[in-house]
Amino acid sequence: MPLPHWTAENLLPPGRHPADLSDLYERCVWDAPRRNERENLFGALSGYLGVVTRLVPTGRAWISGGFTTRYEDGPYDVDVLLLPDDWGSLKRLDGPARAAFYGLLTLRGVIVEQPVMYLDQVQPVGGLLDGFLCHPGDEEAWAAAWSTVRGPHGPVDGLAKGFVEVTW
Numbered sequence: 001m002p003l004p005h006w007t008a009e010n011l012l013p014p015g016r017h018p019a020d021l022s023d024l025y026e027r028c029v030w031d032a033p034r035r036n037e038r039e040n041l042f043g044a045l046s047g048y049l050g051v052v053t054r055l056v057p058t059g060r061a062w063i064s065g066g067f068t069t070r071y072e073d074g075p076y077d078v079d080v081l082l083l084p085d086d087w088g089s090l091k092r093l094d095g096p097a098r099a100a101f102y103g104l105l106t107l108r109g110v111i112v113e114q115p116v117m118y119l120d121q122v123q124p125v126g127g128l129l130d131g132f133l134c135h136p137g138d139e140e141a142w143a144a145a146w147s148t149v150r151g152p153h154g155p156v157d158g159l160a161k162g163f164v165e166v167t168w
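UniProt numbering puts the sequence shown at residues 1 to 168.
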């Protein structure tokens, strides 16, 4: 299903918009500025979702952030929220698969050893993506967050944006 056209504010219209990756590419890469940077981000997203679908049998990904806007000065990464259809499938992942899955998520406030260092944030795919996991029952809170338009000084009152839902 094709994604709706950009609004006058260079956003997707408010709401959750089902799409496949070719629809996402058409609107957020082909029909947006800074195509070279967006091509790189789309490649990272495609590879990321390929790994996710090997580990999680069925689910959805909500895609948002600067990637789903038509601003001239971005995007810098892609924001992805994973919504597994069967939460139990995550609990059944074995050690290596579980480690691979958690390696797909953005971590904040990380302390590593040898050498000891503190990292504010660790992002998958070399920082091209922010990956988050939606716990059952938290969908409304995430939908509100994914719809929030952020300006240089925080959320923009009275303005909402849409986000994309890819299902596998």
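Virtual Cβ for every residue (Gly too), placed ideally from N, Cα, C.
Being a predicted model, the structure only gives us computed values, none of them experimental.
From 35, 43 and 61, pick the residue whose C-alpha is nearest to that of residue 142; which is it?
-> Taking each of 35, 43 and 61 in turn and checking the Cα distance to residue 142, the smallest one comes out for 61.
Give me whichever residues DSSP pairs with residue 118 in a beta bridge.
-> Its beta-bridge partners are 111.
Using DSSP bridges, identify the partner residues of residue 162.
-> Per DSSP, 15.
From 45, 73, 83 and 67, pick the residue whose C-alpha is nearest to that of residue 59; which is it?
-> The shortest Cα separation from residue 59 among 45, 73, 83 and 67 belongs to 83.
Simplified DSSP assignment, three categories, for residue 59 | Note: residue 59 maps to strand in three-state DSSP.
Who are residue 150's beta bridge partners in DSSP?
-> DSSP, once it has assigned bridges, lists 155 as partnering residue 150.
So what does DSSP say about residue 93, is it helix, strand or coil?
-> In this structure, DSSP gives residue 93 a state outside helix and strand, which the three-state scheme calls coil.
Report buried or exposed for residue 125, applying the criterion of at least 16 other Cβ atoms within 10 angstroms of its Cβ.
-> Buried, because 16 or more other Cβ atoms sit within 10 Å of the Cβ of residue 125.
Considering only C-alpha positions, which residue in the set 14, 131 and 13 is nearest to residue 101?
-> For the residues 14, 131 and 13, the minimum Cα distance to residue 101 belongs to 131.
Residues near residue 7 in its chain [Cβ-Cβ closer than 7 angstroms; skip 5 each side] = So the qualifying residues of the chain are 13.
Tell me which same chain residues have a C-beta within less than 8 angstroms of the C-beta of residue 34, skipping the five on either side of it?
-> 72, 74 and 75, listed in sequence order.
What do you get for residue 22, buried or exposed, if any count of 16 or more other CB atoms within 10 angstroms of its CB means buried?
-> If you draw a 10 Å sphere on the C-beta of residue 22, you find fewer than 16 other C-beta atoms in it, and that means exposed.
Along the chain, which unbroken stretches of the alpha helix (DSSP H) at least 4 residues long are found entirely within the region 20-73?
-> DSSP runs (the alpha helix (DSSP H)) wholly in the region 20-73: 21-25 and 35-55.
What first and last residue would you give for the beta strand (DSSP E) that runs through residue 84?
-> 78-84 is the span of the beta strand (DSSP E), which, as asked, contains residue 84.
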